[in-house]
Amino acid sequence: MTTATDARTAAARAGLQRGWIEFRQTMTSGQDLWSVMFFPVVTLVVMFLLRHNTVPGTGFSLGSQALPGILGMNVVLNGMMMLALSLTMDREDGTLLRAKATPKGMTGYLVGKVTSRAGTAVIGLLVPLVPAAFLFGGLDLGRVSAWVTLGWVVALGLVAVLPFGAILGSLFGSAQGVGFVTFPMMVLMGISGVFYPISGFPEWLQWVGQVFPLYWLALGLRSAMLPDAMAVAEIGESWRHLETAVVLGVWAAAGFLLAPVVLRRMARRQSGSAVEEQRRKAMQQRTT
Numbered sequence: 001m002t003t004a005t006d007a008r009t010a011a012a013r014a015g016l017q018r019g020w021i022e023f024r025q026t027m028t029s030g031q032d033l034w035s036v037m038f039f040p041v042v043t044l045v046v047m048f049l050l051r052h053n054t055v056p057g058t059g060f061s062l063g064s065q066a067l068p069g070i071l072g073m074n075v076v077l078n079g080m081m082m083l084a085l086s087l088t089m090d091r092e093d094g095t096l097l098r099a100k101a102t103p104k105g106m107t108g109y110l111v112g113k114v115t116s117r118a119g120t121a122v123i124g125l126l127v128p129l130v131p132a133a134f135l136f137g138g139l140d141l142g143r144v145s146a147w148v149t150l151g152w153v154v155a156l157g158l159v160a161v162l163p164f165g166a167i168l169g170s171l172f173g174s175a176q177g178v179g180f181v182t183f184p185m186m187v188l189m190g191i192s193g194v195f196y197p198i199s200g201f202p203e204w205l206q207w208v209g210q211v212f213p214l215y216w217l218a219l220g221l222r223s224a225m226l227p228d229a230m231a232v233a234e235i236g237e238s239w240r241h242l243e244t245a246v247v248l249g250v251w252a253a254a255g256f257l258l259a260p261v262v263l264r265r266m267a268r269r270q271s272g273s274a275v276e277e278q279r280r281k282a283m284q285q286r287t288t
């Protein structure tokens with residue numbers, strides 16, 4: 001038992017080191033940085049152009065109200081979706097097979113990927129937040145409690161969505177397959193109140209949006225960044241911190257229960273011939 005525990009601890013430590021190296025590589029690559037910043041840059045420009053529009057029933061800027069949801073969506077894209085894409089690419093080039101061949105290698109691999117993607121997601125949130133604080137009026141970031149709330153919401157949100165990135169990467173056989181998730185993600189973004197208060201939607205659509213973690217992540221970020229008076233635009237006219245913690249916690253628990261099962265099944269199917277077949281298909285898709 002002690003030997004197995006020591007092996008897992010060593011694998012997790014190696015994974016943390018690998019994750020830190022991958023994170024540093026991302027931060028020093030212009031192409032990778034652009035992929036991290038593209039979505040928030042485009043959406044921040046759109047919201048800035050809409051800053052003179054107001055949230056219905058208030059005099060508050062719609063652009064400022066939508067900003068936290070946009071940053072929350074960026075956390076999901078840079079966390080869950082990029083983890084899924086990275087995992088499928090590592091299956092194609094044999095990286096995952098080499099990890100499987102190493103004792104506790106899958107543990108180290110996953111710890112590394114989660115570490116690097118979590119770090120990238122946090123940077124993808126904080127970097128746009130700095131200029132946004134000057135471009136968008138009405139944000140309430142001068143309180144210590146605002147940053148405390150921002151911290152626990154982002155941390156719990158990442159724990160809730162990252163396991164599902166690993167699950168998606170295990171279910172799809174190629175990076176192109178992960179691309180099919182993009183359209184459902186855009187739909188989810190629309191019904192989760194990212195750009196417009198969900199309280200203005202039909203009641204049945206409000207219930208659908210509240211099922212998924214994106215709504216609660218965006219709600220938590222709004223509670224941290226916006227004045228308390230803006231809670232009037234939310235369901236129940238409340239920030240609902242307790243419900244946010246519970247729902248994100250349930251998603252996190254479900255993800256950590258399902259992800260190891262799905263990953264083990266995927267890893268059992270990995271072999272040298274399977275990697276070669278994946279490479280062949282990837283080359284065919286790139287040349288057509």
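For the sequence shown, the UniProt record's numbering assigns the number 288 to the last residue and increments by one with no breaks.
Note that beta-carbon positions come from the ideal geometry of N, C-alpha and C, so glycine has one too.
Note that the structure is predicted; figures quoted are calculated from it, not measured.
Practice item. Ignoring anything shorter than 4 residues or poking outside the segment 208 to 276, list the alpha helix (DSSP H) runs there in chain order. Key: With a minimum length of 4 residues, the unbroken runs of alpha helix (DSSP H) contained wholly in the segment 208 to 276 fall at 213 to 225, 241 to 268.
Review point. Curious, which full-length beta strand (DSSP E) runs of at least 3 residues does the segment 132 to 158 contain?
Key: Note on the segment 132 to 158: there is no whole beta strand (DSSP E) run with a minimum of 3 residues.
Review point. Is the segment 41 to 60 in contact with the segment 175 to 189, if contact means three or more CB pairs nearer than 8 Å?
Key: With a cut-off of 8 Å, the segment 175 to 189 and the segment 41 to 60 do not count as touching, because too few Cβ pairs lie within range.
Check your understanding: Ala14 by DSSP, collapsed to three states: which one?
Key -> It is helical.
**Study point:** Simplified DSSP assignment, three categories, for Ser61
**Key:** The three-state secondary structure of Ser61, taken from DSSP, is strand.
Review point. For the putative contact between Leu126 and Met225, defined by C-beta atoms under 8 Å, what is the C-beta separation to the nearest angstrom?
Key: With 8 Å as the limit, Leu126 and Met225 do not qualify as a contact, their Cβ atoms being about 12 Å apart.
Check your understanding: Alpha carbon to alpha carbon, what distance is there between Leu214 and Val122?
Key -> Taking the Cα positions, Val122 is about 15 Å away from Leu214.
Check your understanding: Just checking my contact of Ala218 with Gly193 at CB under 8 Å: how many whole Å lie between their CB atoms?
Key -> The C-beta separation of Ala218 from Gly193 comes to about 6 Å, placing the pair in contact by the 8 Å criterion.
Point to revise | Three-state class that DSSP yields for Thr102 in the structure shown | key: In the three-state reduction of the DSSP assignment, Thr102 falls in the coil class, being assigned neither a helical nor a strand state.
Exercise for review: Give every residue of the same chain whose Cβ lies closer than 7 Å to the Cβ of Ala229, excluding the five residues on either side of it in the sequence, and list them in chain order.
Suggested key: When the five nearest sequence neighbours on each side are left out, no beta carbon in the same chain lies closer than 7 Å to the beta carbon of Ala229.
Check your understanding: Which residues bound the alpha helix (DSSP H) around Arg91?
Key -> 82 to 93 is the extent of the alpha helix (DSSP H) around Arg91.
**Study point:** For residue 289, the first and last residue of its enclosing alpha helix (DSSP H)
**Key:** For residue 289 there is no data in the structure shown, the boundaries of the chain being 1 and 288.
Practice item. Answer yes or no: do Val181 and Gly169 have a C-beta to C-beta separation smaller than 8 Å? Key: No, they are not a contact pair.
Exercise for review: Report the partner residues of residue 359 according to the DSSP bridge assignment.
Suggested key: Residue 359 is absent from the model: the chain starts at 1 and stops at 288.
Review point. Can Gly157 and Val261 be called in contact, C-beta distance under 8 Å?
Key: Between Gly157 and Val261, the C-beta gap is not smaller than 8 Å, which leaves the two residues out of contact.
Point to revise | Stretch pair the segment 229 to 244 + the segment 80 to 87: three plus CB contacts closer than 8 Å | key: Using a C-beta cut-off of 8 Å, the segment 229 to 244 makes no contact with the segment 80 to 87, since fewer than three inter-stretch Cβ pairs fall below that distance.
**Study point:** Reduced DSSP secondary structure (H/G/I, E/B, other) of Phe183
**Key:** Residue state for Phe183 is assigned as helix, using DSSP reduced to three classes.
**Study point:** Burial state of Leu205 (16 or more Cβ within 10 Å)
**Key:** It counts as exposed.
Check your understanding: Near Gly112, which residues of its chain fall below 6 Å by C-beta distance, leaving aside the five closest residues on each side in sequence?
Key -> Within the same chain, Cβ atoms closer than 6 Å to the Cβ of Gly112 are found at Gly15, Arg18, Gly19, the five residues on either side in sequence being excluded.
Check your understanding: Rounded to a whole number of angstroms, what is the C-alpha to C-alpha distance between Pro202 and Ile235?
Key -> One C-alpha to the other measures close to 12 Å.
Check your understanding: Hey, how far is the Cα of Leu150 from the Cα of Leu139?
Key -> Cα-Cα distance, rounded: 13 Å.
Review point. Taking buried to mean at least 16 other C-beta atoms within 10 Å of its own C-beta, is residue 363 buried or exposed?
Key: Here the chain comprises residues numbered 1 to 288, so residue 363 is not present and cannot be evaluated.
Point to revise | Arg117 beta carbon less than 8 Å from that of Met82 | key: Yes, they are a contact pair.
Exercise for review: Closer than 6 Å by C-beta to Gly249: which residues in its own chain qualify, once you throw out the five before and the five after it? Chain order, please.
Suggested key: Taken in chain order, the list of residues that qualify is empty.
Point to revise | Nearest neighbour of Leu242, chosen from Met80, Ile167, Ser223 [CA to CA] | key: Ranking Met80, Ile167, Ser223 by Cα distance to Leu242 puts Ser223 first.
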